[in-house]
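Those letters in the sequence shown? Residues 26 to 660, by our numbering.
Okay, so here's the structure we're looking at.
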Amino acid sequence: MKKSISFILVFCICLACALTGYAADTGIKIDGTWSVLMPENPTSYESFASDKLASALSDVFGEDISPVTSADKNFIAIGSASKADTAGIADNGYRIQAIDGNIHISGTGIRGLQAGVNRFLEEFCGRKVYTAEITILPAAKSITVPADTDTVYEPYFEYTDTDWKSPRDIEYSLANGLNGGTYRRLPAEAGGTVDYIGGFCHTIGTLCKTADFAESAPEQLALHNGKRTADQPCLTNPKVLETAKASVLNLLKEKHDPDASLQIVSVTQNDNQNYCECSSCKEFEASHGGAHSATMVNFVNQIAVAVKAAGYDNVAIDTFAYQYTRKAPQNIKPEENVIIRLCTIECCFVHTLDDPSCKRNTELMKDLHDWSGICKRIYVWDYTTNYANTCIVFPDFNVIQRNIQVFYENNVRGVYEEGNYYIDSCDTEFGELRAYMISKCLQNPYCDIGAETEGFLAAYYGPGYKDMKKIIDLHIANACKLNSGHLSIGEGPGQSFSFSDRQIKEIDNCWLSALQAAETPAQKSNIERSMLSWRFWKASTGKGEFSLLNPERYAEKEKLFEDMKASGVSMISEGSYGDYLDCICVKYVPANEWNMYEDDEQAAHVRLFFEKILESLTPFLAAGGLFYKLIYGVE
Ligand SMILES: [Zn+2]
Ligand SMILES: [Zn+2]
């Protein structure tokens with residue numbers, strides 16, 4: 026009996042193998058003899074998509090493949106040459122379908138077709154665009170597409186943007202689905218960009234010409250703390266509304282693009298807290314749940330109605346739910362062509378937004394739910410870096426995907442992930458990894474981010490990528506352990522991490538091991554650049570080789586300073602361009618204080634004086650060096 030069971034089992038396994046082999050054999054095998062079939066009179070979108078596909082397939086197969094307008098078999102049909110039916114697929118989506126042994130790619134809207142081609146290249150040719158410099162496109166004799174392929178995609182968001190480094194690259198943005206126009210100009214034939222026209226934020230003063238009316242009509246200005254101020258306009262004054270309406274309509278007259286998928290006009294509060302407290306504004310807000318957002322929504326609604334009435338169907342009016350307007354109003358709803366842009370500036374970034382244990386985030390979630398109840402077009406302005414201490418690691422890697430899922434699940438239709446926009450002057454941590462994770466999650470919030478991350482790390486850092494992953498994981502696990510337990514966008518180095526000496530040694534070893542494994546100068550350079558974040562953290566907290574017990578700490582700090590300069594780092598926090606470069610006590614003060622000690626400041630000289638005395642005592646602390654060697658095991 027046992028024997029027969031074994032036999033059946035073996036038979037079944039063989040059958041399964043045979044079936045798998047059979048399935049692979051019936052897949053559609055595409056090679057250099059295939060063609061890209063485009064319509065006879067292609068649109069610019071169809072030409073762009075056909076050329077892109079043909080050029081990439083030429084690279085894969087090492088054969089010259091050009092688009093053709095007629096083919097009987099062995100073709101990938103594009104656009105109106107394709108038989109893949111897109112009925113019911115949302116704008117800027119696509120369908121990739123295998124029909125009768127050929128492949129058909131159709132798109133919707135103006136962005137869908139090229140997105141479909143990019144998906145085909147990624148899924149079936151293994152193409153990955155990890156950074157502006159690193160594109161993986163494996164050469165092959167042939168590729169196999171399953172015969173039952175029928176892939177349908179609809180964008181999760183109508184607007185996606187982030188300002189990290191590689192996302193500014195056009196090919197990167199197309200491959201990874203970014204479409205915001207603030208940091209890139211995508212070609213019109215690839216669908217162009219979703220643009221904020223006339224300003225990205227804090228535009229209300231300009232639109233209402235607040236400053237112009239300061240003398241002649243002060244009642245148009247906000248009444249705050251009993252005084253009229255040009256900091257904000259009075260939003261219930263009918264003349265203010267008329268001025269803003271005219272400004273927006275003039276702007277559209279000048280800059281409207283009827284071919285764009287969407288254009289946005291930002292009508293957003295100025296960046297201060299001086300909202301109007303006149304009796305009319307107060308009364309309106311009181312009857313709408315006491316929310317300051319009520320007067321704002323009422324104001325932009327009327328502009329949005331005028332814009333719609335003027336026939337601008339592809340235009341939306343955007344306003345903030347930010348600081349004093351973050352709470353949703355009652356008894357009033359934003360118009361359909363109004364975008365509510367919710368900002369996460371007060372949030373914590375080691376906990377996901379829907380983590381019930383994090384009070385900062387549960388408050389934001391309540392506001393998101395409230396807005397979600399009255400608005401189907403919420404955008405989010407999210408934050409993904411440490412603005413006060415940009416050189417150290419910002420350990421948000423575990424929350425990126427879930428937060429973007431939370432956005433999608435709550436009527437959010439556009440996401441701007443503000444990052445280290447000054448990365449050209451401060452690129453020291455894991456910026457390119459974060460950019461890639463953000464882009465992939467905006468393209469598909471439910472993607473396999475673990476696999477994406479691993480693929481990125483291997484391509485960017487080389488064979489030692491598992492050590493890099495370990496370093497990142499240790500940062501996440503240790504984040505804010507000694508502090509409040511929460512991570513803001515301005516956390517200090519000591520509050521961000523509290524690694525033990527044992528952990529520091531472990532992380533040091535991971536960096537060294539990754540460096541030793543690097544196979545190319547680019548991988549080595551990537552590791553060394555990211556490693557600046559680790560050295561900077563140790564130099565800010567007096568850990569590892571920067572320990573008070575190490576007589577070599579002065580030289581180590583000077584070396585870090587020189588290495589940072591050589592890497593093009595000219596800022597260590599937001600808005601501090603060049604401030605640390607003329608620090609007069611580099612070797613004496615914690616690295617995160619380098620931007621505080623300039624030559625013309627008295628405090629700098631006092632600090633320098635005392636630190637020099639301490640240095641002269643260093644030989645007597647040589648015994649300390651012994652302790653250091655015992656603790657850190659340095660030869
Ligand atoms: Zn008012
Ligand atoms: Zn938290």
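The beta-carbon is built from N, C-alpha and C at its ideal position, and this holds for glycine as well.
Per DSSP, cross-strand counterpart(s) of V170: As a working note, residue 170 is residue 145 in the sequence shown. DSSP output for V170 lists I53 as bridge partner(s).
Nearest residue (CA-CA) to D282, options K307, G336, F524: Taking the sequence shown and counting its residues from 1, the one referred to as residue 282 is at position 257. The option with the nearest alpha carbon to D282 is G336.
Cβ-based neighbour list, V170, same chain, cut-off 7 Å, excluding 5 preceding and 5 following: Reading the sequence shown from its first residue, position 145 is the one you call residue 170. Closer than 7 Å at Cβ, skipping near neighbours: G52, I53, I55, A123, I128, F149.
Extent of the continuous alpha helix (DSSP H) run through N428: As a first step, residue 428 is located in the sequence shown; it is residue number 403 there, counting from the start. Run containing N428: 425–433, per the alpha helix (DSSP H) assignment.
Span of the alpha helix (DSSP H) around K333: Translated into the one-based positions of the sequence shown, residue 333 becomes position 308. 318–334 is the span of the alpha helix (DSSP H), which, as asked, contains K333.
Closest residue to P92 among A81, S75, R209, S107 (Cα-Cα distance): Position 67 of the sequence shown, counting from 1, holds the residue named residue 92. Here the closest residue by C-alpha is S75.
Status (buried if at least 16 other CB within 10 Å, exposed otherwise) for V631: Against the sequence shown, residue 631 aligns to sequence position 606. Exposed: under 16 other Cβ atoms inside 10 Å.
DSSP-derived helix/strand/coil call for R253: Position 228 of the sequence shown, counted from the first residue, corresponds to residue 253. Three-state result, R253: strand.
Status (buried if at least 16 other CB within 10 Å, exposed otherwise) for K465: Position 440 of the sequence shown holds residue 465. It is buried - the Cβ of K465 has at least 16 other Cβ atoms within 10 Å.
At least three beta-carbon pairs within less than 8 Å, the segment 526–537 to the segment 486–499: yes
L367, enclosing beta strand (DSSP E) - first and last residue: As a first step, residue 367 is located in the sequence shown; it is residue number 342 there, counting from the start. Unbroken beta strand (DSSP E) run through L367: 363–368.
Closer than 7 Å: H376 CB and nearest ligand 2 heavy atom: The residue given as residue 376 occupies position 351 in the sequence shown. For ligand 2, at least one heavy atom lies less than 7 Å from the Cβ of H376.
Meets three-Cβ-pair contact criterion under 8 Å: the segment 512–523 and the segment 564–581: yes
Beta-carbon gap between R554 and L585 smaller than 8 Å: For the purposes of this step, residue 554 is identified with residue 529 of the sequence shown, where counting begins at 1. For the purposes of this step, residue 585 is identified with residue 560 of the sequence shown, where counting begins at 1. No; because the gap between Cβ atoms is not below 8 Å, this pair is not in contact.
Residue burial classification, F238 (beta-carbon count within 10 angstroms, cutoff 16): The residue you call residue 238 lines up with position 213 of the sequence shown. By the 10 Å Cβ count, F238 comes out buried.
Local conformation of S509 per DSSP, three classes: Position 484 of the sequence shown holds residue 509. Coil.
Simplified DSSP assignment, three categories, for G205: Start at 1 with the first residue of the sequence shown, and residue 205 comes out as number 180. It is a strand residue.
Cβ pair count under 8 Å reaching 3, the segment 342–355 against the segment 307–325: yes
Contact check, V431 vs T185, beta carbons under 8 Å: As a position in the sequence shown, residue 431 is number 406, starting the count at 1. As a position in the sequence shown, residue 185 is number 160, starting the count at 1. For V431 and T185, no; Cβs fall outside 8 Å.
Any non-hydrogen atom of ligand 1 closer than 7 Å to N262 Cβ: Translated into the one-based positions of the sequence shown, residue 262 becomes position 237. N262: yes, Cβ under 7 Å from ligand 1.
Assigned exposure category for D256 - 16 Cβ within 10 Å defines buried: On the sequence shown, position 231 is the one that residue 256 refers to. Buried, because 16 or more other Cβ atoms sit within 10 Å of the Cβ of D256.
A48 versus W59 - alpha carbon distance: Stepping through the sequence shown from its first residue, residue 48 is reached at position 23. Stepping through the sequence shown from its first residue, residue 59 is reached at position 34. A caution first: A48 carries a pLDDT of 42, below 50, which makes its placement in the model unreliable, though a value can still be read off. Taking the straight line from one Cα to the other gives about 21 Å.
CA-to-CA distance, D588 to C306, given in whole angstroms: For this step, residue 306 is matched to residue 281 along the sequence shown. For this step, residue 588 is matched to residue 563 along the sequence shown. Those two C-alpha atoms are separated by around 55 Å.
Reduced DSSP secondary structure (H/G/I, E/B, other) of S598: Here the question's residue 598 lines up with position 573 in the sequence shown. Residue state, collapsed to three classes: coil.
C303 beta carbon near ligand 1 (any heavy atom closer than 7 Å): Your numbering for residue 303 matches position 278 in the sequence shown. Because some heavy atom of ligand 1 lies under 7 Å away, the Cβ of C303 counts as near it: yes.
Residues sharing a beta bridge with K358, DSSP: The count along the sequence shown starts at 1 and reaches residue 358 at position 333. Beta-bridge pairing links K358 to no other residue.
Counted within 10 angstroms of its Cβ, other Cβ atoms place N551 as buried (16 or more) or exposed: Stepping through the sequence shown from its first residue, residue 551 is reached at position 526. N551 is buried by the Cβ-count criterion.
Touch test, the segment 439–459 against the segment 412–424, Cβ-Cβ under 8 Å, three pairs minimum: yes
T369 and D407 closer than 8 Å at C-beta: What you label residue 369 is simply residue 344 of the sequence shown in a count that begins at 1. What you label residue 407 is simply residue 382 of the sequence shown in a count that begins at 1. In contact: T369 and D407 (Cβ atoms closer than 8 Å).
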